[in-house]
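Numbering-wise (my numbering), the sequence shown opens with residue 28 and increments by one.
Backbone N, C-alpha and C fix where the C-beta goes; we use that ideal spot for every residue, glycine too.
Here the structure is a predicted model, which is why all the values come from computation and not from measurement.
Structure record follows, encoded as structure tokens.
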Amino acid sequence: MRYRAGSAERAGGIPAHVPVLETERLRLRGQTMADFPACEALWGDPETVRFIGNGTPSGREETWAKFLRNAGHWAMLGFGYWMVEEKATGAFIGLIGFSDLHREIEPPLPDAPEAGWVLSPKAHGKGYATEAVRAALAWGETRFGSPRSVCLIAPDNVPSLRVAEKCGYAEFARATYKERPVVLLARGT
Numbered sequence: 028m029r030y031r032a033g034s035a036e037r038a039g040g041i042p043a044h045v046p047v048l049e050t051e052r053l054r055l056r057g058q059t060m061a062d063f064p065a066c067e068a069l070w071g072d073p074e075t076v077r078f079i080g081n082g083t084p085s086g087r088e089e090t091w092a093k094f095l096r097n098a099g100h101w102a103m104l105g106f107g108y109w110m111v112e113e114k115a116t117g118a119f120i121g122l123i124g125f126s127d128l129h130r131e132i133e134p135p136l137p138d139a140p141e142a143g144w145v146l147s148p149k150a151h152g153k154g155y156a157t158e159a160v161r162a163a164l165a166w167g168e169t170r171f172g173s174p175r176s177v178c179l180i181a182p183d184n185v186p187s188l189r190v191a192e193k194c195g196y197a198e199f200a201r202a203t204y205k206e207r208p209v210v211l212l213a214r215g216t
């Protein structure tokens, strides 16, 4: 079954309402229906998700819900996650962006966009996360009119905590979310 998007598109079916960001090595762009298999592979990889949520890989149904949630963020809120690809190869390497998930967590997250990133293990250790997060944050400062944003990261996810620190995040609390410990970080507060 093939569905057709109802909004204006760029070449390749990329939604026109999602800005394309480029760094020296990366392109951050809106998702297309053709991107679902790559997202399904990413969210289904145990290594990718070991520090995310309950650490369990997502099946097709759960991945589809995440895929649609991302599209909904852009359509309803004007921000969301970008598909991240290497410019040199066009290879999909992950997702980076902002969300508003209305998390039920104590202490509550400050009223600010929640930044997040998830990269395929094959992209780890190359500085891609820091490069892409910095591009997203620069866009966010213009979009939100403030550098303020928050994120939550598993305390054992040392590489992601390093990315957050390099991008100006500082810990403000520790909490439990979905029965797992998390570090709450803020930037620009």
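Which residues mark the beginning and the end of the alpha helix (DSSP H) in which residue i is found?
i, result
"PRO186", "185-193"
"GLY167", "155-171"
"LEU53", "LEU53 -> not in any alpha helix (DSSP H); beta strand (DSSP E) instead, spanning 53-56."
Any idea if residue i is buried or exposed, counting beta-carbon neighbours within 10 angstroms, 16 or more meaning buried?
i, result
"LEU211", "buried"
"MET60", "exposed"
"HIS97", "For clarity, residue 97 is Asn in the given sequence; the question names His instead. It is buried - the Cβ of ASN97 has at least 16 other Cβ atoms within 10 Å."
"MET110", "buried"
"ALA43", "exposed"
"ARG87", "exposed"
"VAL47", "exposed"
"MET28", "Caution is warranted here: a pLDDT of 33 is assigned to MET28, below 50, making its placement in the model unreliable, and the coordinate value is therefore given only provisionally. With fewer than 16 Cβ atoms within 10 Å of its Cβ, MET28 is classed as exposed."
"ALA197", "exposed"
"GLY167", "buried"
"LEU164", "buried"
"VAL190", "buried"
"GLY172", "exposed"
"GLY154", "exposed"
Based on the DSSP output, what are the partners of residue i in its beta bridges?
i, result
"ILE180", "VAL210"
"ALA197", "ALA213"
Report yes if the C-beta distance between residue i and residue j is below 9 Å; otherwise report no.
i, j, result
"SER85", "PHE106", "no"
"LEU188", "ARG130", "no"
"THR75", "VAL160", "no"
"VAL209", "ILE123", "no"
"ALA115", "ARG56", "no"
"PRO137", "ALA202", "no"
Cα-Cα, which of the options is closest to residue i?
i, options, result
"THR90", "PHE119, LEU104, ALA65 and PHE78", "ALA65"
"ALA200", "ARG207, PRO135 and LYS149", "PRO135"
"PRO174", "LYS153, GLU141 and VAL185", "GLU141"
"THR83", "LEU95, ALA92, LYS93 and TRP70", "TRP70"
"PRO182", "PHE119, ARG207 and GLU88", "ARG207"
"PRO148", "PHE94, ASP62, ALA92 and PRO186", "PRO186"
"HIS151", "ARG170, ALA197 and GLY121", "GLY121"
Is the shortest distance between the beta-carbon of residue i and the beta-carbons of chain C less than 9 Å?
i, result
"SER85", "The chain labelled as chain C is not found in the depicted structure, where only one protein chain is given."
Hey, is residue i close to the ligand MN, as in C-beta under 8 Å from one of its heavy atoms?
i, result
"MET103", "The model depicted lacks the ligand MN and carries no ligand whatsoever."
From which residue to which residue does the beta strand (DSSP E) around residue i run?
i, result
"ALA142", "141-146"
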